[in-house]
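Here's the structure, in structure tokens; my notes come after.
Protein chains: 2
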Amino acid sequence: MRIKVAGTGLTKFGELWNKDLLDLALEASVEAINDSRLTIHQIDAVFVANMIYGKVSGQDHLGALIASTLGIKGASFRIEGACASGGLAVHLAIQSLLAGTYKNILVVGAEKMTDSSATEIATALMGAGSQDERRAGLTFPALYALMAKAHMQKFGTTRNHMASVAIKNHYHASLNEKAQYPFEISEEKVLESPVISSPFTLFDASPITDGAGAVVLSSDSTAPGVFITGSAVATDTVDLASRKSLLEIAATKEASQKALKQAAVEIKDINVAEVHDCFTIAEILAMEDLGFCPKGMGGEFVYKGHTRLGSKLPINTSGGLKACGHPVAATGVKQIIEIAHQLQKRAGKRQVDNANIGLTHNVGGSGATVVVHVLQI
Amino acid sequence: MRIKVAGTGLTKFGELWNKDLLDLALEASVEAINDSRLTIHQIDAVFVANMIYGKVSGQDHLGALIASTLGIKGASFRIEGACASGGLAVHLAIQSLLAGTYKNILVVGAEKMTDSSATEIATALMGAGSQDERRAGLTFPALYALMAKAHMQKFGTTRNHMASVAIKNHYHASLNEKAQYPFEISEEKVLESPVISSPFTLFDASPITDGAGAVVLSSDSTAPGVFITGSAVATDTVDLASRKSLLEIAATKEASQKALKQAAVEIKDINVAEVHDCFTIAEILAMEDLGFCPKGMGGEFVYKGHTRLGSKLPINTSGGLKACGHPVAATGVKQIIEIAHQLQKRAGKRQVDNANIGLTHNVGGSGATVVVHVLQI
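Taken in sequence, the protein lines are chains A and B. Using the numbering used here, the letters of the first sequence correspond one by one to residues 1 to 377. Using the numbering used here, the letters of the second sequence correspond one by one to residues 378 to 754.
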């Protein structure tokens, strides 16, 4: 499988009160198309990833809306799978390219979250979880907090380990002008911020963000850009209660093993990765479930600096969901963009040396959907 | 392109107050999987089409929810493109099969509409249209009424022509036990029912419906069932105001020409078709834009009985959206099921003689998205 990421476009992430969803989606899309050096007329299809806009604004049918506003008359689709919407849209666009039906596809992930009240957004986001757990009061911080507590109890993972994820990702974000929070934070800051759901404090959580990311994917292997060589999706139960274990995201294992096999590489070959750090524990789980470190060692692995820029395996150089921001359906597309830029040596101040093979890991809900991509130069 | 429709499942369409979306989706899915004679473990991916459930119930992430409830751990997706969601999900599932990534895919379209108030549903559905036209008060009956008025003025299309669409589709529905309105109606009934948006009366409009349809699609050409030999999507502006003409749905032309070309058949080869008759004028436009009759002659074509069961080209033998019902995202899947059954001679009392090549036509909004499939035995 050799699909090209032929162009990329990314808006600033943050509280962008002067822009609506369509503004953000168009800004990222036009940048991606220009970057690909293709014309609008060479784009055969538009895949839009979005989760909550229909709920907060009333507007659905975003595939046709964004495609037609761009002047693209080919096919258009909207894909949703909670916080994994962006990764799913990339995966489905790849299938359409591999099928030979389309040659150049624009994938745009966009979300407009900061115009609504906190209650509206929290309610909208809970659509990613199960009805029973939602009714029981289990918000997403609470669901991930259950996993964190289990991990602490079983493996001795500490609050300092978790804090180190946030500290590292804020450091990376400080080097990324697109990041929502481009500044460093101290361990004290994390540990002493208000508790949101024990054991988490505010700085364990990713924020509410506006933003959009777009990529042009092409089946033309002579196009400029990097290759996507693996793409896989796995599904688990939407509710946490039905899972075999709180200590892992099983779908991460499934999806990553499939994607690595497709790409014919091993996890030890990965030089750089963007993983789904919606909460600090999620990055720790990702380190283990992807196989970057043994089970139970994820906290120590991050704490010791093995995933910080300058180390052998920089993780979330964009700043991750935690500090670059998490415009839900844009996240999976942003991950592809960050890794593409790293492999193309376009990552500026946060460039990873010798980055030739990268991975993205995008999670929906508390692990019901996982999408993994492998990229190679 | 030769993708098999290897299994089908369809719930009753109607006001199903004792069933929720998940009940409906699972009922159709289990029936489709059993019909395909595959086991759950042979299903690699689940594509869910749904438009409004997130808005009316809060629950998103339906791909993972339905897949995991069925016990399917492969990939899962939710696809949305307003009333064309079902057709889009079938199209994308086909791409994934053609890519070789998946071998057997469950596509399920489901919608739960009758538990909400009329205002809630009308508001939710308006998400398919443009914000400007919505704010100007243009509901979907009004948008299609504009097209109907233009057609009457330009081509002399009459209220009797439009009524004949409803009369025919109710007749077909009277032969379909799954239909929401399985009874015949008179011309007087249509013309004298309350005006909903001039020139339409109540019986020009498709209803609000609960229901689900599911198909198992397979790349195994030795599987039982019929072939999908053409699948195409076209996009136009979401707002009606930006279109070149009110007299046609341009995306119908685009999508049907592509799909027919893929299938290597001509429109005159089609023996039976399901078209998107959300309003009576929409079926008249579809006759013309698909090329079944010359432009402007659609009203006369239906009125003269050329598309009634027993004629050379039966259209909407299921009863169409008008009388079988229109559970938004289920419609595109139900169309595939009806045509598959016709080609397999499984259509019972409404069986079309010598049906070997069929077509489905699924529209989103007022024509912003159109999906056309060609099926062959």
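Where is the CB? At the ideal position from N, CA and C, for every residue including glycine.
Under the three-state reduction of DSSP output, Glu111/A falls in the strand class. Only those residues of the segment 560-594 of chain B whose C-beta falls short of 8 Å from the nearest C-beta of chain A would be listed, and there are none. The beta carbon of Ala522/B is closer than 7 Å to those of Ser574, Ser575, Pro576 and Phe577 in its chain, skipping five residues each way along the sequence.
For Gln634/B, the nearest beta carbon of chain A is not closer than 8 Å to its own beta carbon. Under the Cβ distance rule, Arg78/A counts among the residues neighbouring chain B, one pair being separated by less than 8 Å.
The three-state reading of DSSP puts Arg78/A in strand, counting E and B together.
For the segment 215-246 of chain A, the set of positions with a beta-carbon nearer than 9 Å to some beta-carbon of chain B reads Ser231, Ala232, Val233, Ala234, Thr235, Asp236, Thr237, Val238, Asp239 and Ser242 in chain order.
Burial state of Glu283/A is buried, judged by a 10 Å Cβ sphere holding 16 or more other Cβ atoms.
Using a Cβ-Cβ cut-off of 9 Å, Thr307/A is close to nothing in chain B; its nearest Cβ partner there is about 28 Å away. Cβ neighbours of Glu254/A within its own chain (closer than 6 Å, five residues either side excluded): Ala234.
Against chain A, a Cβ distance below 8 Å from Gly464/B picks out nothing, because the smallest value is about 11 Å. Contact between the segment 379-399 of chain B and the segment 589-598 of chain B is present: 3 or more CB-CB pairs across the two stretches fall below 8 Å. Counting only the Cα atoms, Ala67/A lies some 21 Å from Ile471/B. Fewer than three Cβ pairs drawn from the segment 227-247 of chain A and the segment 49-61 of chain A lie within less than 8 Å of each other, which leaves the two stretches out of contact. Comparing alpha-carbon positions, the option among Ser130/A, Ala166/A and Thr8/A lying closest to Val238/A turns out to be Ser130/A.
Taken in chain order, the unbroken stretches of alpha helix (DSSP H) that lie wholly in the segment 279-358 of chain A and span 4 residues or more are 280-290, 298-303, 320-323 and 331-343. For Glu651/B, the beta-bridge partners assigned by DSSP are Thr737/B. In this model, Thr708/B and Leu698/B are separated by some 7 Å (Cα to Cα).
Taking 8 Å as the cut-off, the beta carbon of Gly440/B is found no closer than this to the beta carbon of Asn739/B. Judged by DSSP secondary structure, Ala223/A falls outside any alpha helix (DSSP H); it is assigned neither H nor E.
About 27 Å separates the beta carbons of Ser688/B and Gln639/B, which is beyond the 8 Å limit, so they are not a contact pair.
For Ile72/A, the chain B residues whose Cβ falls inside 8 Å of its Cβ are Thr612, in order along the chain. Between Gly299/A and His161/A a beta carbon distance of about 3 Å is seen, short of the 8 Å cut, so the two are scored as contacting.
Each residue's CA atom was taken as its position, placing Lys545/B and Ala499/B some 26 Å apart. For a cut-off of 8 Å, the C-beta gap from Ala487/B to Ala402/B is around 4 Å, short enough to register as a contact. Assignment of Asp210/A by DSSP, reduced to helix, strand and coil, places it in the strand class.
Judged by DSSP in its simplified three-state form, Asn104/A adopts strand. Within chain B, no C-beta atom comes less than 9 Å from the C-beta of Ser29/A; the nearest is roughly 14 Å away. When the Cα atoms are used, Thr629/B and Gly735/B turn out to be separated by approximately 16 Å. Against His438/B, the close residues of chain A are Glu80, Gly81, Ala82, Gly127, Ala128, Gly129, Val238, Gly364, Gly365, Ala368 and Thr369, in the order they occur along the chain (beta-carbon pairs closer than 8 Å). Counted as a single uninterrupted DSSP element, the beta strand (DSSP E) harbouring Val371/A occupies residues Thr369 to Gln376.
Ser563/B sits exposed, since fewer than 16 C-beta atoms from the chains shown fall within 10 Å of its C-beta. For Gln95/A, the nearest beta carbon of chain B is closer than 8 Å to its own beta carbon.
The DSSP-derived three-state label of Phe203/A is helix. In the three-state DSSP reduction, Val190/A falls in the helix class (H, G or I). DSSP places Leu474/B inside the alpha helix (DSSP H), whose first and last residues are Ser462 to Leu475.
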